[in-house]
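Protein chains in written order, with this note's numbering: chain Z, 275 to 951; chain F, 275 to 951.
Even glycine gets a Cβ: it sits at the ideal position worked out from N, Cα and C.
Just so it is clear, the structure is predicted and the values come from calculations on it, not from any experiment.
Everything on this sheet refers to the single structure shown next.
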C-alpha cells in the first residue's frame, strides 16, 4: 500500500499544470505543429524533424470594451483534415500549384458566463505553415476592437536576418539590413532568417484583406511578437463577428532557393472572386516616367512637361513598333504643380493638363494596337481619391485603358483623411484604414476591368490569387533610387537580397531595363550600379506580370541588340526553378514561358564577381536549344566597365552545364529556344 | 616654371618606394595574382574579379648559418606561360582531369656580393592558385637550414572558418571547430573559410615530399603565416640546392561544393613515377579490426586474441562469399602485449603470434580469391620500423599480400628515433623527419608492389598522383571514435564538415559501414551517431580506393539487405558532382562508377533533418534507370529510431527531381543502374 500512496503523491506533484496538447504534422512528416492549452492559456510551437524551431509561443487578443481573449479557455473540439489539390494560376511564376497540407482546427470556449468561442486553424505544409484566428458569430461578442494581437514567434537562436525596419516614414522603401536577430526592434515582413544549422525561415502573412498589417516586434531574447499598425485612436483593428484574421505564415527551407519556390502564401488565399477573367492579361509597358526621374522633363506643367500629347504619341509609336502592350503616362492630370505631396486636395483624376489630349492619346494608342496605362497619384489623400475614383476608373474604362498605376506618395509617416466632421485623421500607410482602402480600389478596378499596379501601397500577401487584376506593386526600393537616391542609389546587393525578402510576397514593379547606365547630361552624380547584362537578367529574377522597359525610347534605339532580350522576355511563366541561391550574394533563376517551350535564365551577383555552374537539366530531354546568351564581357566590371557585354548563341541540351561568369555586380540573361525537331 | 618644379617635387615625394609589379591572371580571368618587389622585398597578393582576397603578403625565408632570403632582391626576369592539358587518373574520384592554368615565374637575384638567386612560381587556375619557391644550384648557396618560412596569407576579413588546431598531441584526430578566423591560433590545413560575401576559400599545400608540414599561424588581425613543424634542434627544414618547396595552395569557389570538385592539388603534383601500374587496383576490404575497438577481442595475445588463424579464415570465407578483395588482420604480430604505444622497441614485423599461421592464412586467402591485407603498427618507433621494413614488405610480397595498413600510434606529441650515438630524438609527427620517412615507405612499398593505407600519418597533399600505390590514409577522426571515444564519439556533423576540410586533401579510410549501430554487449555507453541510411551514404560521400566494410561478418549476415549496397558500391569513379553543399549542415554527392554506367548518390545531414531537391540531370539523357533507394523511414531519428530504413526501387530518368528526406543525422544512398535500351 505504501507504494501506491507514493505513486499518487508523485502524480499529483508532477501535474500541477493542466495541459491539453494536440499535434499536427505536415503531409511528409517534415513539420510538426503543437497546440497546447496550459491552465487555459493557448500556446503553439513548431518543430521540424522533431527539433523545435518555434518554441512555446503565446496566442490571443487584448480587446477594448470587452474582456481579453487570452486565457481561461477549455477545448471544445480539435479536428484534423487532409487536403491535396492542384490549382491553376491565371498568371504568375508557375502555372500548376499544389496545395497539400494537413489542417488542425482547435475550437476553444471561454470558462465563465460569457462562454465566448474562438478557433485557431493551423495549416501545415512540408515547406512551412500558416495559422489564423476565427471568431464565429455568437451571443456574447459582436463588435470587436482589437488593442493587441498576442501572437508570438519564439525563435530558437540569434539567427542571421535580413530586414527593413517598420514605423519609418518612407513605407517599405529601404535598403535591407543584414544583422543578427537580436539587433532588430520592429521589422516589416517578409522577415527572412538563416539559422546556424543552415535552415532558412521567413515570417509573413497571407490574405490581408480587412485587418491591420502585421510587423514583428522583438519583445525579448529571440522572441518576436505580432505588432499591428494602430488607427489614430490606438485601436489596432475594428471588426465584428464572424471574423477571421490574416494567416500568420512561416516558410521554411534547407536551401534559400526553396523560399523562392514556396507557394504557401498563394495557397492560403482564396480562389479568384472574378468570374470572367478573359480581360486579365499580363503584359509589358513603356512610359513617360524615367525621363522625369532623371530630370529630363517634369511631372508638372511648363516648358519641360513630360506628359504632352506629342511625347505620349512618340512613346506609343515606339511601343507599337516594338510590341509593347501599354504606355504609361505620368503627370498627365492637374495637380502636379507645387507641393503636391503635402496632403492637400490637389489632384483631379479626370482633368488632364491642357497640353495633354487624354482622349486623343488613348484613341491614338488603340489605333496602334497599344493601350494607354492610366496613372492615379493620390498624394496619400485618400478621401480626395475615394471621392473621385469611381469617375476616374469609369473614364479610363471608357477610353479603353486596361491598366492603372496608382501612387500613394505622402510627405511623412501618415495618410490623411477627414472624418464626417471635417476633422483630419492621420493614419499609417499600413494600418487597417489603408488595407481596406486598397481593397475598395481593387474591387472597383475589377468592376471596370482595370488591372492594378500599386506603388507606395501595402505589402503583397497573395491577394492576387483572389483578385487577379491586382497584378503587381512596388512596396520596396525600386529603380528610381538609382536616378536620384542621393545615397548612391541601390547598391549592387540590393536586388540580390530582394528575391529572398520582398519578392517572396509577390510581383514587384521594380522597373528594370535601364540600358544607358549613366545619364550625366541630366543627373551626373547618379548611375545604375550594375553591368548592362545584370540589368537584363533582372527581367527573369524579378517577376512582374506588368513589366516595364523603363528606359527612354531613344536609349533603346541606340541599343537594339540588348533591347531584343527585353522585347522577347515573357512576363507570365509556367514554371520557375532556382539554380543558385545565396542571400545577398548571388541568385540564378530559370523560368519557362507560359506561351511557348522557351526557357529563360537570369543570374545576378552583388559587388563580387562569381563563377557558377548551371546544369541545364530543366530543358526537355532529347531536344536541342539555341541559347541566346547575354553575358558580361571578360573585362566587365560594374564600376569601370559596365557596358562590356557579349551576346552570342550556342546550341545546348539538357545534359550540358553552363559556366556562368558574372562580373562584379554583373549578371547573365539567356533565352533558350528549342530547335524544331 | 614654378609649376614644373612643383610637379617634380610631388613625383619625388610620391615615389619614395621603388615597386616592380607583375600580374598573372587565370585562364578565364577569374583570379589575378600580383607579385611585387617593394624596395627589394618580395610580396604577393590575390584578387578575384579585381577584388582583393589576399592582401599584400610577405614571401621569403629565415636561414641558419647564412643571410636570410627575404629582402635586397631585384628582378632578373619574369616570364609567363599558358598550360592546358587533360590527364587520366589511374584511380580516383574523377577519371579525366583538366590542368588549365597560367604560370608566372619570377626569378630574383640578391643585391650584394652573394648574388643568390631564388625563384617564385605562381600557377593560377580559375578555381585557385598554387605557388612555390625554387632555389637553383648556384655558387653561394648549397646546404640550407630553413629556420622560418615567411609566407603570409593576409586575409581580408574575419571569415567564418572550420579547423583543427595544430601542435596537439593527437595528430589530426580532432573534431572540427567552427569559429571566426580571429579565434584561431595555429591550425592544420585544409583550413576552410567562408567570407561574408559568400566566397569559400581553403588553404593547403601540394606535393609535400621532403619538407616540413605547413600549419597556419595567425600572426595579427586576419593575417596567417606559414608555420613549419621544427626538428628537435629547432631547424624547420634541412635541404640543399636545387630545392623546391611544396606548393602553397588556395582553393576558391562561390559554392562550397566547388571546393570538393577542385583538382588543383592533384594538378600541382607530378605525374606517376611508377611505370608499371598494372598491379595497382582499388578494392574493398573487411577485417579483424572493429571487434577489437568494441572490446569483443584483443590485439594482444590471450584468450580473446582477435588475430587467430581460425578467426582470420572466418573473415576470409566471408570476404570470398561477398566479393571483397582484402582481409585486414590487425594484432597478428608479436609486440601488442603490454604498453605497446609507449615508444619501446616492441614490434616485430615478421614474427606472427603463435596462434596466427601467417603463411597458412595468406595461402588460404589466395586459394579463395582474396588477399590478406598486411598491418604494420609502428607505435611511432621509426628506427625500429625502418630497420625491419625492407624484410617486412618483402615477406608480404612473397605471401601474395597486395596492400598494407600502417599505423603510427605514439603516446604523445612526438615520434622518437635514435641518432647514431643512440641518443633519442623527439620529432613531431608532421615534421620533415616524418615526411621523409613516409616517402621512404611509399617508395619501398612500390618496389614490393604493395598498396598503402596509412593511419596516423601526415596529411595528404596529392602525392597519390605521383605514387598511385599510396591509396588512402586516415589522418582525421575516424569511425573508431564511435566505439570508444568517451566524449560521445563523432557527433552528427563531423562527417558533414569532413567533405569540405579533411577530404579536400584526398582519400580517407574512415571505415564506414557499421550496420549494428549499438554494441551494448561490449560497449554499452557508445554507439554510432547516425541512422543506418547515413552509414550507407558515407560510401559515396567519403572516397577511398581501399574502402572498408568495417562491421563484423555476423552483423552483415543479419543485415543482408543493407549489406547489398555496401557490396555493390564502387571505390573507383569516373565522375563526381556535388548536388547540395552546406558546410557542417548537409552535402549530396553523386559519382559515376569507373567500370559501368551506374551512378551512385550519397546525401547526409547533421543533427537536423533536411528536405532537399536532387535533380537527376547527371544521368544520361534518354535512358531509364532503376534507382535502388536506401532512405530514412518516415519516423527515423538518429537518437530514438536509427534503424528505420526503407529500401525501394523506382524507375527514373534525367528529367526527374528526387526529393531527399533526410532524418536527423540521417542520409540517403542510391544506386542508379541503366535499364538496357
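Query	Result
Using a Cβ-Cβ cut-off of 8 angstroms (strictly less than) and excluding sequence neighbours within five positions of residue 391 of chain F, which residues of its own chain qualify?	350, 381, 382, 383, 384, 409, 410 and 412
In angstroms, rounded to a whole number, what distance separates the CA positions of residue 878 of chain F and residue 323 of chain Z?	14 angstroms
Could you confirm whether any beta carbon from chain F is found closer than 8 angstroms to the beta carbon of residue 325 of chain Z?	yes
Evaluate residue 372 of chain F with the Cβ neighbour count: other Cβ atoms within 10 Å of its Cβ, from every protein chain shown; 16 or more gives buried, anything less gives exposed.	exposed
Have a look at Z:527, Z:469 and Z:796 and flag the residue whose alpha-carbon is nearest the alpha-carbon of residue 432 of chain Z.	Z:469
Would you call the CB atoms of residue 882 of chain F and residue 471 of chain Z closer than 8 angstroms?	yes
The beta strand (DSSP E) spanning residue 923 of chain Z covers which residue range?	919-926
Under 8 angstroms between C-beta atoms, does residue 372 of chain Z make it to chain F?	no
Which of helix, strand or coil does DSSP assign to residue 460 of chain F?	strand
To which residues of the same chain is residue 825 of chain Z closer than 7 angstroms at the C-beta, ignoring the five residues directly before and after it?	564, 787, 788, 789 and 790
Using CA atoms only, rank isn't needed, just tell me which of Z:317, Z:626, Z:360 and Z:906 is closest to residue 937 of chain Z.	Z:906
Which first and last residues belong to the alpha helix (DSSP H) in which residue 530 of chain Z is found?	530-534
Identify whether residue 402 of chain Z lies in helix, strand or coil by the three-state DSSP scheme.	strand
Using 8 angstroms as the limit for Cβ to Cβ distance, is residue 234 of chain Z near chain F?	In this structure chain Z extends from 275 to 951, so residue 234 of chain Z is not present and cannot be described.
Which term fits residue 387 of chain F, buried or exposed, when burial requires 16 or more other beta carbons within 10 angstroms of its beta carbon?	exposed
Report buried or exposed for residue 870 of chain Z, applying the criterion of at least 16 other Cβ atoms within 10 angstroms of its Cβ.	exposed
Using 10 angstroms around the beta-carbon of residue 511 of chain Z, count the other beta-carbons present and answer buried if the total reaches 16, otherwise exposed.	buried
Let me know the alpha helix (DSSP H) ranges lying completely inside the segment 586-617 of chain F, each 4 residues or longer, listed in chain order.	none
What residue range is occupied by the uninterrupted beta strand (DSSP E) comprising residue 388 of chain Z?	Here residue 388 of chain Z belongs to no beta strand (DSSP E), and DSSP marks it neither H nor E.
Would you grab the beta carbon distance between residue 781 of chain Z and residue 745 of chain Z for me? Rounded to a whole angstrom, and I think it's under 8 angstroms.	7 angstroms
Go ahead and pull the three-state DSSP assignment for residue 748 of chain F.	coil
Can you pull the chain F residues whose beta carbon is under 8 angstroms from the beta carbon of residue 938 of chain Z, in chain order?	323, 324 and 325
So residue 842 of chain Z is in the alpha helix (DSSP H); what residue range does that whole segment cover?	834-842
Residues in the same chain with beta-carbon distance under 6 angstroms from residue 720 of chain Z, minus the five sequence neighbours each way, listed in chain order, please.	548 and 743
Is the CB-CB distance between residue 465 of chain F and residue 702 of chain F below 8 angstroms?	no
Output yes if chain Z places a C-beta closer than 8 angstroms to the C-beta of residue 303 of chain F; else output no.	yes
Is residue 810 of chain Z closer than 8 angstroms to residue 839 of chain Z when the C-beta atoms are compared?	yes
Can you check which of these residues, F:644, F:638, F:591 and F:664, is closest to residue 622 of chain F by C-alpha distance?	F:664
So with Cβ pairs under 8 angstroms, would you call residue 927 of chain Z a contact of chain B?	Of the protein chains in this structure, namely Z and F, none is chain B.
Relative to the alpha-carbon of residue 637 of chain F, which residue among F:629, F:613, F:590 and F:659 has its alpha-carbon at the smallest distance?	F:590
Compile a chain-ordered list of the residues in the segment 900-916 of chain Z whose CB is closer than 8 angstroms to at least one CB of chain F.	908, 909 and 911
For the segment 842-862 of chain F, list every residue whose C-beta sits within 8 angstroms of some C-beta in chain Z, in sequence order.	854, 856, 858, 859 and 860
What three-state label does DSSP hand residue 826 of chain Z in the structure shown?	coil
Smallest Cα separation from residue 680 of chain F: which of F:924, F:872 and F:654?	F:654
Report, in whole angstroms, the separation of the C-beta atoms of residue 815 of chain Z and residue 769 of chain Z, which I expect to be a contact under 8 angstroms.	7 angstroms
Counting only Cβ pairs nearer than 8 angstroms, list the residues of chain F close to residue 896 of chain Z.	895 and 896
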